[in-house]
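Student: Structure below; questions to follow.
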Amino acid sequence: MNYQQKMKNLSVAMVQIAIANEPMENAAAFLAAAQKAAAKGANIIVGSEMMLTHYVSSDRYEDDDFIDEMVTAAEYIVAESVSIDAVLIFGGVGLDPDPAKVGEDGRRRKYNAAFVAQGGELVENGTDLPFMIKTLLPNYRIFDDTRHFFDQRKIAAERGVSVESLLQPFPVKVGSGMYHLGVMLCEDMWDGDYAIKPARQLKENGAEILINLSASNWSWRKNQKRDQVVSRICRENGLWFVYVNNVGVQNNGKNFITFDGSSTIYNPQGKIVSLVERYQEEVKVARLDETMSPQIRPEPPDIAQLYKAIEVATYGFLDTLPASAKEKVVIGVSGGMDSALSVAFFARLLGSDRVVAVNVPYRDFNSTETKDDAKELCRRLGVSYRVIPIDAIVDATGNATGVKVGSLQHKTAQAIARMTILASVAGQENGFFTSNANWSEIAFGYGTLNGDLRGVFAPWMNCLKQDVYRLGNYLNQELYRREVIPQSIIDRQPMDELVGVGSAERGDPFDYGNVLENGYHDQMVRAVVAFRRSAEWFVEQYLKGTLERELQLPAGKLNTLFTSAEDWLEDLERCFVLIHNAVFKRVQSVPGPLVDKRSFGWDYRESVLSFVKTQRYQALVRQLRKDMVSVA
Numbered sequence: 011m012n013y014q015q016k017m018k019n020l021s022v023a024m025v026q027i028a029i030a031n032e033p034m035e036n037a038a039a040f041l042a043a044a045q046k047a048a049a050k051g052a053n054i055i056v057g058s059e060m061m062l063t064h065y066v067s068s069d070r071y072e073d074d075d076f077i078d079e080m081v082t083a084a085e086y087i088v089a090e091s092v093s094i095d096a097v098l099i100f101g102g103v104g105l106d107p108d109p110a111k112v113g114e115d116g117r118r119r120k121y122n123a124a125f126v127a128q129g130g131e132l133v134e135n136g137t138d139l140p141f142m143i144k145t146l147l148p149n150y151r152i153f154d155d156t157r158h159f160f161d162q163r164k165i166a167a168e169r170g171v172s173v174e175s176l177l178q179p180f181p182v183k184v185g186s187g188m189y190h191l192g193v194m195l196c197e198d199m200w201d202g203d204y205a206i207k208p209a210r211q212l213k214e215n216g217a218e219i220l221i222n223l224s225a226s227n228w229s230w231r232k233n234q235k236r237d238q239v240v241s242r243i244c245r246e247n248g249l250w251f252v253y254v255n256n257v258g259v260q261n262n263g264k265n266f267i268t269f270d271g272s273s274t275i276y277n278p279q280g281k282i283v284s285l286v287e288r289y290q291e292e293v294k295v296a297r298l299d300e301t302m303s304p305q306i307r308p309e310p311p312d313i314a315q316l317y318k319a320i321e322v323a324t325y326g327f328l329d330t331l332p333a334s335a336k337e338k339v340v341i342g343v344s345g346g347m348d349s350a351l352s353v354a355f356f357a358r359l360l361g362s363d364r365v366v367a368v369n370v371p372y373r374d375f376n377s378t379e380t381k382d383d384a385k386e387l388c389r390r391l392g393v394s395y396r397v398i399p400i401d402a403i404v405d406a407t408g409n410a411t412g413v414k415v416g417s418l419q420h421k422t423a424q425a426i427a428r429m430t431i432l433a434s435v436a437g438q439e440n441g442f443f444t445s446n447a448n449w450s451e452i453a454f455g456y457g458t459l460n461g462d463l464r465g466v467f468a469p470w471m472n473c474l475k476q477d478v479y480r481l482g483n484y485l486n487q488e489l490y491r492r493e494v495i496p497q498s499i500i501d502r503q504p505m506d507e508l509v510g511v512g513s514a515e516r517g518d519p520f521d522y523g524n525v526l527e528n529g530y531h532d533q534m535v536r537a538v539v540a541f542r543r544s545a546e547w548f549v550e551q552y553l554k555g556t557l558e559r560e561l562q563l564p565a566g567k568l569n570t571l572f573t574s575a576e577d578w579l580e581d582l583e584r585c586f587v588l589i590h591n592a593v594f595k596r597v598q599s600v601p602g603p604l605v606d607k608r609s610f611g612w613d614y615r616e617s618v619l620s621f622v623k624t625q626r627y628q629a630l631v632r633q634l635r636k637d638m639v640s641v642a
């Protein structure tokens, strides 16, 4: 029997489920799914990585009693597998059988592990441990595996053997045949930057199929990248590849992280032949038949995917709230775009009857135009609209402290008063109030720490100002299919209305994008945070004349913003100083969705440090000024 004929005897089930907080609840959910899969003819049933609790569990992994609960849940699945005529593969925490062995943190040694169970017992692969251990532990972004888990490389070094010798497939009997399953965990397939290549080694050690258990969060175009990586692995090794991911939301206290599932089976040529719908709990069974027709992964527009990720993350946040704080959402509505988006978003998410919009004007500082737009927005959405002036609070603060109208401190007093009102209304309504701050404002520190940067949840914390406009346009055109956010709000330039009637006064000194065109300062934020571009990089690109192209700006954009190279340089240094000076605000920030390649919170980790002009930066600036003189 050749390879393809042999593999036709395998029916693989991808169990794509949302992961709950409690290990035994997850174990029961997986077993229920496994029973359904077996009834559909599956003989290999695969769950996801760290399936018995949230993968992003932070230092809960140091709680020995909780770890024992995870071990108990794993043992329960193994015991129950006796009644399921299939091989069960699932992820969880593995404890070293030798209780005397400890990790590098001095605690009992733990592994990010995959278990293979059949007939009420664990299947072993000839190594000393009764499970597969994750070989490549990510230690970047929100991932911190090395903080808690021991990996294959450390075991190999400790034993004086090669890592390759530990990457052994699991032999299982299916029907009358034996199959060797090459089991991996998430990062083990993202081997491009590692010396160890787990997929290749599993094949060399006899694996006939590669099975990857993942807990892989959604981010921009990650599925396309994963398809490229897996396709290469399949072509290089000539094996079927099964990828199983979870769905739902997990959080690290700062970032609410969405998992889109998108579990997939690839044939030996790297073509997609079976797909599970993104964000849906589903058990899908597929026979590994070479004649299966290739499929194209459906890819909605970027803005639709962004909206969906924020929606899922927000539902996940709402699930964390006590019942006494989730009846209503209270939103400070100003007539500006950020708050308008929040009102439209939550009205669709929760229903208009659960949204309370509050306009909090001070004297005549808020223009008739913005107040009318805020009221009209709420009328169109059927949302409760209230006007609660803050004159008395702000004036009392000024009288008590001597703060003068028009001063920075007076602006701060207004912002704090607004937050106080929103918090009070939220308490009365058994609800929570939002922070409407966007990623650009948070990056530059353009907000008051105990004012507009406060709230319980910040839905746009990882959205550039341009994203806010694009999301508003998407809600109008695609979801509501009518203009719920008035065009006058979309067209209005940003303003804060803290120093007088603000209908014609710009509130901040930044160039944001719009629905159709990128803005310079928006793209600066993404370059710095998501792609870790330095001030040196900006000057270097400017010298080369490639900065606009690199930031995907319209040709000539910089000339419209800056009168000279010196003017541009002054703005660059201003912005980098603002970004560094705002760290103290961000470390106290409100949690929100993680939806870009990087986000503030526990994804992009910062210390309160000032901007450093390195020797290289100073040399580049000298070159820039030299070029300016030669041109003059």
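Using the working numbering, the letters of the sequence shown map in sequence onto residues 11 to 642.
Quick reminder that beta carbons are idealized off the backbone N, C-alpha and C, glycines included.
What span of residues does the alpha helix (DSSP H) with Trp547 cover, start to end?
Tutor: Trp547 -> alpha helix (DSSP H) spans 545-554.
Student: Across which residues does DSSP place Arg118 in a beta bridge pair?
Tutor: DSSP output for Arg118 lists Val112 as bridge partner(s).
Student: Given this structure, state the Cα-to-Cα distance separating Arg169 from Val539, to the nearest angstrom.
Tutor: Distance between the alpha carbons of Arg169 and Val539: 40 angstroms.
Student: Distance check for Leu331 and Gly263, CA to CA, integer angstroms please.
Tutor: About 13 angstroms.
Student: Please return the same chain residues whose Cβ sits closer than 6 angstroms to the Cβ of Ile403, not counting the five positions on each side in sequence.
Tutor: Excluding residues within five positions, the ones whose Cβ falls inside 6 angstroms are Ala427.
Student: Leaving aside the five residues before and after Met302 along the sequence, list all residues of the same chain whose C-beta is less than 6 angstroms from its C-beta, in chain order.
Tutor: Excluding residues within five positions, the ones whose Cβ falls inside 6 angstroms are Val283.
Student: So, for Leu176: in the same chain, excluding its five sequence neighbours on each side, which residues have a beta-carbon less than 7 angstroms away from its beta-carbon?
Tutor: So the qualifying residues of the chain are Thr137, Gln162, Ile165, Ala166.
Student: Exposed or buried, Ser58, counting other C-beta atoms within 10 Å across all chains shown (16 or more means buried)?
Tutor: It counts as buried.
Student: Tell me the residue span of the alpha helix (DSSP H) that contains Leu418.
Tutor: Note, Leu418: alpha helix (DSSP H), 418-438.
Student: Quick check: what's the CA-CA separation for Asn255 versus Met429?
Tutor: Distance between the alpha carbons of Asn255 and Met429: 40 angstroms.
Student: State yes or no: is the C-beta of Ala96 within less than 8 angstroms of the C-beta of Ile152?
Tutor: It is not a contact, given that the beta carbons lie outside the stated cut-off.
Student: Are the CB atoms of Arg288 and Asp299 nearer to each other than 8 angstroms?
Tutor: In this structure, Asp299 does not lie closer than 8 angstroms to Arg288 by Cβ.
Student: Taking the straight line between their C-alpha atoms, what separation do you get for Arg373 and Val478?
Tutor: In a straight line, the C-alpha of Arg373 is about 28 angstroms away from that of Val478.
Student: Using a Cβ-Cβ cut-off of 7 angstroms (strictly less than) and excluding sequence neighbours within five positions of Met638, which residues of its own chain qualify?
Tutor: The answer, listed in chain order, is Ala575, Glu576.
Student: Could you name the residues of the same chain whose beta carbon sits closer than 6 angstroms to that of Gly192, not counting the 5 residues immediately before and after it, in chain order?
Tutor: Excluding sequence neighbours, Gly192 sits near Pro179, Leu212, Ala217, Leu220.
Student: Report yes if the CB atom of Val25 is closer than 8 angstroms to the CB atom of Val56, and no otherwise.
Tutor: For Val25 and Val56, yes; Cβs fall inside 8 angstroms.
Student: Since Met347 sits in a beta bridge, which residues does DSSP pair it with?
Tutor: According to DSSP, which records beta bridges pairwise, Met347 is partnered with nothing at all.
Student: Between Ala367, Arg297, Arg236, which has its C-alpha nearest Gln15's C-alpha?
Tutor: Answer by Cα proximity: Arg297.
Student: Give the DSSP-derived three-state secondary structure of Pro603 in the structure shown.
Tutor: Note: Pro603 maps to strand in three-state DSSP.
Student: Could you check whether Leu604 and Asp613 sit closer than 8 angstroms to each other, using their CB atoms as the reference points?
Tutor: Contact: yes.
Student: Between which two residues does the alpha helix (DSSP H) containing Met34 stretch?
Tutor: Here the alpha helix (DSSP H) through Met34 covers 33-49.
Student: Taking C-beta to C-beta, are Gln476 and Gly437 nearer than 8 angstroms?
Tutor: Result no, Cβ atoms of Gln476 and Gly437 do not sit closer than 8 angstroms.
Student: Could you check which residue in Glu439, Leu139, Tyr490 has the C-alpha nearest to that of Ser334?
Tutor: Closest by alpha carbon: Glu439.
Student: Rounded to whole angstroms, what's the CA-CA distance from Met369 to Asn376? Just pull it up for me.
Tutor: Correcting the residue type first, residue 369 is Asn in the shown sequence and not Met. The straight-line gap from Cα to Cα measures roughly 10 angstroms.
Student: In this structure, what does DSSP give as the bridge partners for Asp270?
Tutor: Beta-bridge pairing links Asp270 to Val257.
Student: Leaving out five residues before and five after Val286 in sequence, what residues of the same chain have Cβ atoms less than 8 angstroms from its Cβ?
Tutor: So the qualifying residues of the chain are Met24, Gln26, Gly271, Ser272, Ser273, Thr274, Glu292, Lys294.
Student: Drop a sphere of 10 angstroms on the beta-carbon of Ala447, count the other beta-carbons inside from all chains shown, and report buried for 16 or more, exposed for fewer.
Tutor: Buried, since its Cβ has 16 or more Cβ neighbours within 10 Å.
Student: By Cβ distance below 6 angstroms, which residues in the same chain neighbour Pro371 in space, the five residues on each side in sequence not counted?
Tutor: Only Pro399 meet the Cβ criterion.
Student: Would you call Lys183 buried or exposed, if buried means 16 or more other Cβ atoms sit within 10 Å of its Cβ?
Tutor: The residue is exposed, with fewer than 16 neighbouring Cβ atoms inside 10 Å.
Student: Less than 7 angstroms between C-beta atoms, sequence neighbours within five positions excluded: which residues of the same chain meet that for Asp518?
Tutor: Cβ neighbours of Asp518 beyond the five flanking positions: Tyr456, Pro504.
Student: Between the alpha carbons of Ser445 and Ala468, how many angstroms are there, rounded?
Tutor: Roughly 5 angstroms separates the two Cα atoms.
Student: Specify, as a first and last residue, the run of the alpha helix (DSSP H) that His646 falls within.
Tutor: The structure shown does not extend to residue 646, since the chain is modelled only from 11 through 642, so no value can be given for it.
Student: Could you check what DSSP says for Arg297 in three-state terms: helix, strand or coil?
Tutor: Residue state, collapsed to three classes: strand.
Student: So Ala23 is in the beta strand (DSSP E); what residue range does that whole segment cover?
Tutor: Counting along the chain, the beta strand (DSSP E) containing Ala23 begins and ends at 21-26.
Student: Count the other CB atoms, across all protein chains shown, that sit within 10 Å of the CB of Glu197; report buried if there are 16 or more and exposed otherwise.
Tutor: With 16 or more Cβ atoms within 10 Å of its Cβ, Glu197 is classed as buried.
Student: I'd like the span of the beta strand (DSSP E) that includes Ala367, first residue to last.
Tutor: Counting along the chain, the beta strand (DSSP E) containing Ala367 begins and ends at 365-369.
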